[in-house]
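**Student:** Just so you know, the protein sequences line up as chains U and P, in that order. Those letters in the first sequence? Residues 0 to 165, by numbering that gives the first Met the number 0. Those letters in the second sequence? Residues 0 to 165, by numbering that gives the first Met the number 0. C-beta atoms are modelled at their ideal positions from N, C-alpha and C, and glycine is treated no differently. If you're wondering where the values come from, they're calculated on a predicted model, not measured in any experiment.
There are 2 protein chains.
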Amino acid sequence: MTTDPKLPFDPIERAGEIWSDRIGESRSMKLATSIMRVQQLVLAELDGALKPYGITFARYEVLVLISFSAEGSLPLSKIGERLMVHPTSVTNAIDRLEAQGLVKRLPDAADRRRTLAELTAKGKDVLEASTKALMAIDFAIEGLSDKDQDQTYALLRTLRSSAGDF
Amino acid sequence: MTTDPKLPFDPIERAGEIWSDRIGESRSMKLATSIMRVQQLVLAELDGALKPYGITFARYEVLVLISFSAEGSLPLSKIGERLMVHPTSVTNAIDRLEAQGLVKRLPDAADRRRTLAELTAKGKDVLEASTKALMAIDFAIEGLSDKDQDQTYALLRTLRSSAGDF
DNA sequence: TTAAAATAGTCGGTCGTCCTACTAAATGCG
DNA sequence: CGCATTTAGTAGGACGACCGACTATTTTAA
Numbered sequence: 000m001t002t003d004p005k006l007p008f009d010p011i012e013r014a015g016e017i018w019s020d021r022i023g024e025s026r027s028m029k030l031a032t033s034i035m036r037v038q039q040l041v042l043a044e045l046d047g048a049l050k051p052y053g054i055t056f057a058r059y060e061v062l063v064l065i066s067f068s069a070e071g072s073l074p075l076s077k078i079g080e081r082l083m084v085h086p087t088s089v090t091n092a093i094d095r096l097e098a099q100g101l102v103k104r105l106p107d108a109a110d111r112r113r114t115l116a117e118l119t120a121k122g123k124d125v126l127e128a129s130t131k132a133l134m135a136i137d138f139a140i141e142g143l144s145d146k147d148q149d150q151t152y153a154l155l156r157t158l159r160s161s162a163g164d165f
Numbered sequence: 000m001t002t003d004p005k006l007p008f009d010p011i012e013r014a015g016e017i018w019s020d021r022i023g024e025s026r027s028m029k030l031a032t033s034i035m036r037v038q039q040l041v042l043a044e045l046d047g048a049l050k051p052y053g054i055t056f057a058r059y060e061v062l063v064l065i066s067f068s069a070e071g072s073l074p075l076s077k078i079g080e081r082l083m084v085h086p087t088s089v090t091n092a093i094d095r096l097e098a099q100g101l102v103k104r105l106p107d108a109a110d111r112r113r114t115l116a117e118l119t120a121k122g123k124d125v126l127e128a129s130t131k132a133l134m135a136i137d138f139a140i141e142g143l144s145d146k147d148q149d150q151t152y153a154l155l156r157t158l159r160s161s162a163g164d165f
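1. How far does the alpha helix (DSSP H) with U:Arg112 in it extend, from its first residue to its last?
2. Just to confirm the assignment, what range does the beta strand (DSSP E) spanning U:Ser72 have?
3. For P:Ile140, which residues in the same chain have their Cβ closer than 8 Å to its Cβ, ignoring the five residues on either side in sequence?
4. Would you grab the beta carbon distance between U:Ala132 and U:Ala92 for me? Rounded to a whole angstrom, and I think it's under 8 Å.
5. If you measure beta-carbon to beta-carbon, which residues of the stretch 84 to 96 of chain P are closer than 7 Å to chain U?
6. Kindly confirm or deny that the stretch 58 to 78 of chain P and the stretch 110 to 117 of chain P touch, where touching means at least three C-beta pairs closer than 8 Å.
7. Using a Cβ-Cβ cut-off of 8 Å, state whether U:Ala135 counts as contacting chain P.
8. Taking all protein chains shown into account, decide if P:Phe138 is buried (16 or more other Cβ within 10 angstroms of its Cβ) or exposed.
9. With a threshold of 16 other CB atoms inside 10 Å of the CB of P:Gly122, please say whether the residue is buried or exposed.
10. P:Glu117 bridges to which residues according to DSSP?
11. Tell me whether the stretch 31 to 50 of chain P and the stretch 78 to 98 of chain P touch, counting them as touching only if at least three CB pairs, one residue from each stretch, are closer than 8 Å.
12. Is the separation between the beta-carbon of P:Thr166 and that of P:Val102 shorter than 8 Å?
13. Pop quiz: U:Thr151 and P:Leu30 are said to be a contact at Cβ under 8 Å. What is the actual Cβ separation, rounded to whole angstroms?
14. Does any residue of chain P have a CB that is nearer than 8 Å to the CB of U:Ser76?
15. For a cutoff of 8 Å on Cβ pairs, would you count P:Asp164 as touching chain U?
16. Of all the CB atoms in chain U, is at least one closer than 8 Å to the CB of P:Tyr152?
17. Exposed or buried, which one is P:Glu60 when buried takes at least 16 other CB atoms within 10 Å?
18. Using only the alpha-carbon positions, how far apart do P:Ser27 and U:Gly142 sit?
19. What number of angstroms, rounded off, separates the C-alpha of U:Ser68 from the C-alpha of U:Arg159?
20. Along the stretch 21 to 41 of chain P, where does the CB come closer than 7 Å to a CB of chain U? Name the residues.
21. What is the rounded straight-line gap between the Cα of P:Gln99 and the Cα of P:Tyr52?
22. Taking 8 Å as the threshold (C-beta atoms), are P:Ile34 and U:Gln38 in contact?
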């Protein structure tokens, strides 16, 4: 006594499809749910690849950002700004990275409101190793051709742009 | 003494760009970070639109799914399967919806392992009102033409498909 | 038919995100 | 100059997602 046999079609086939024949013009909703699903898949892959190194993608991004800085350290506010996350998310990430011994907090003499984050030697090692791991994975995104990836990127960029994201 | 003036270009312009000139062929990483950023934007919009109704998009999806069911109720496992989330996420969502009086848990006589979730009258009201609210928002995704939305959807679908998501 | 395996749901814990509120410090302006 | 405003960071809490572990039930198979 399942529901499906009773209907000419299953109205709730799967996520990203549930709006189809129900809520009026839901093209944008279908796209929205698809975006969320893809994010879920991609993040799971990235986190999975980083798991052996004890970090998540969110924390990996922080490490990358710090390592790219000219002085070798960045104020937390800059990190939040560049990763476009809330200041408290940065505090959280740095807390964890510091507890892991991958990052060190330093006072900023020039502006005593600021705290700088700097990679430790261990942080640099983990960053290097995890970067290699990330490049080695067979990434779902690579199921798209380079051209399709570029096109998707361009479309998302347009979307972000029209949302005032730049 | 900022870092930027010292360099011919800023290597860490923004999220989605931080890989550009650093980590080898990072086309897929750029796309990955862009996907995650767009998800963040889209979800924030949806949650924002639903906030007046006291629910999140995650919980809204659960309401929709239940309302679409032929019997008016669904086992939690079906909900998780269709939304493609972990069983514990469903338990969590139903806990909250039940605490809000929008959903009711029922035992399933046919299979005593199962718990069915059913909308309350209040749940139906909230669903109706919040659906209207969602349709009324000026959605960032609509910054893309219908054609571009369809194209983006098709590309993401290909990606999901190659990730074995269907 | 009975023991093993699969399925359904929950609990406790981790993690990342956001929000509000608060302190300390720097900046701006009358 | 001194007070108001802005900026930087943190604390505490909400929320959603995941995982591992565990119980209860159903299904499978020996």
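**Tutor:** Reading it off the structure:
1. No alpha helix (DSSP H) contains U:Arg112, which DSSP labels as neither H nor E.
2. 72 to 74
3. Val41, Gln148
4. So it is not a contact: roughly 19 Å between Cβ atoms.
5. none
6. yes
7. Under the 8 Å criterion on CB atoms, U:Ala135 is classed as non-interfacial with respect to chain P.
8. buried
9. buried
10. P:Ser72, P:Lys103
11. No: the two stretches stay apart, fewer than three of their Cβ pairs being nearer than 8 Å.
12. The question about residue 166 of chain P has no answer here: the residues shown for chain P are numbered 0 through 165.
13. Going by Cβ atoms, the distance from U:Thr151 to P:Leu30 rounds to 6 Å, so yes, they are a contact pair.
14. Chain P, which has no Cβ nearer than 8 Å to the Cβ of U:Ser76, makes this no.
15. yes
16. yes
17. buried
18. 10 Å
19. If I take the Cα positions, the gap works out to 25 Å.
20. Within the stretch 21 to 41 of chain P, the residues whose Cβ lies closer than 7 Å to some Cβ of chain U are Arg21, Ile22, Gly23, Arg26, Ser27, Lys29, Leu30, Ala31, Ser33, Ile34, Met35, Arg36, Val37, Gln38, Leu40, Val41, listed in chain order.
21. 11 Å
22. For U:Gln38 and P:Ile34, yes; Cβs fall inside 8 Å.
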